[in-house]
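Quick note, the sequence shown lines up with residues 12 to 103 if you use the numbering used here.
One structure is given here, and the rest of the page talks about it.
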Amino acid sequence: MKQNRLRPSPAVRASISGDGLVLLDLEGGLVLSSNSIGARIWQLIEQARTTPEIARQLVEDYDVPLDRARRDVLAFVAALMTRGLVREDAPS
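Written out as structure tokens, the structure is:
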């Protein structure tokens with residue numbers, strides 16, 4: 012998994028509730044929603060975590076196997092990156 016820190020695009024607004032996550036792309040006019048696990052991943056992205064750090068946190072939070080957490084994080088982040096909602100910062 013990549014070690015670059017993830018950051019939300021400045022054009023994205025997020026709303027997190029008990030039901031999950033809603034993202035609004037101000038530039039593209041796109042609205043996306045996700046469940047509570049997607050909301051947790053988004054919170055960790057907002058903290059500029061790496062994908063391995065996010066996966067390990069999901070293991071702690073939800074007691075899921077690390078392999079599953081890795082796959083889910085990579086798939087979720089890839090979908091966000093494809094839409095320009097998240098970017099990677101190169102390691103310093």
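Where a beta carbon is used, it is the ideal one built from N, C-alpha and C, also for glycine.
With a CB to CB cut of under 7 Å and the five nearest residues on each side skipped, what residues in its chain are close to residue i?
i	result
A80	A66, L69 and V70
A22	D36, L37 and E38
At the level of alpha carbons, what is the spacing between residue i and residue j?
i	j	result
A101	R60	12 Å
I48	P19	17 Å
A50	V42	14 Å
R24	R94	14 Å
S44	A86	15 Å
P76	D83	11 Å
M92	V33	16 Å
D78	G40	34 Å
Do residue j and residue i come within 7 Å of each other at the CB atom, strictly closer than that value?
i	j	result
I52	L17	no
G31	N15	no
V97	T62	no
Along the beta strand (DSSP E) that carries residue i, what are the first and last residues, could you check?
i	result
P19	R16 to P19
D30	It is not in any beta strand (DSSP E) - D30 carries neither H nor E in the DSSP assignment.
L41	L41 to S45
Kindly indicate the opening and closing residues of the alpha helix (DSSP H) around residue i.
i	result
D78	L77 to T93
L69	T62 to Y73
Leaving out the 5 sequence neighbours to the left and right, which residues in its chain are closer than 8 Å to residue i when beta-carbon positions are compared?
i	result
Q54	I27
Is residue i near the ligand SAH, with its Cβ less than 6 Å from a heavy atom?
i	result
T93	As presented, the structure is devoid of all ligands, the ligand SAH included, so that no description of it is given.
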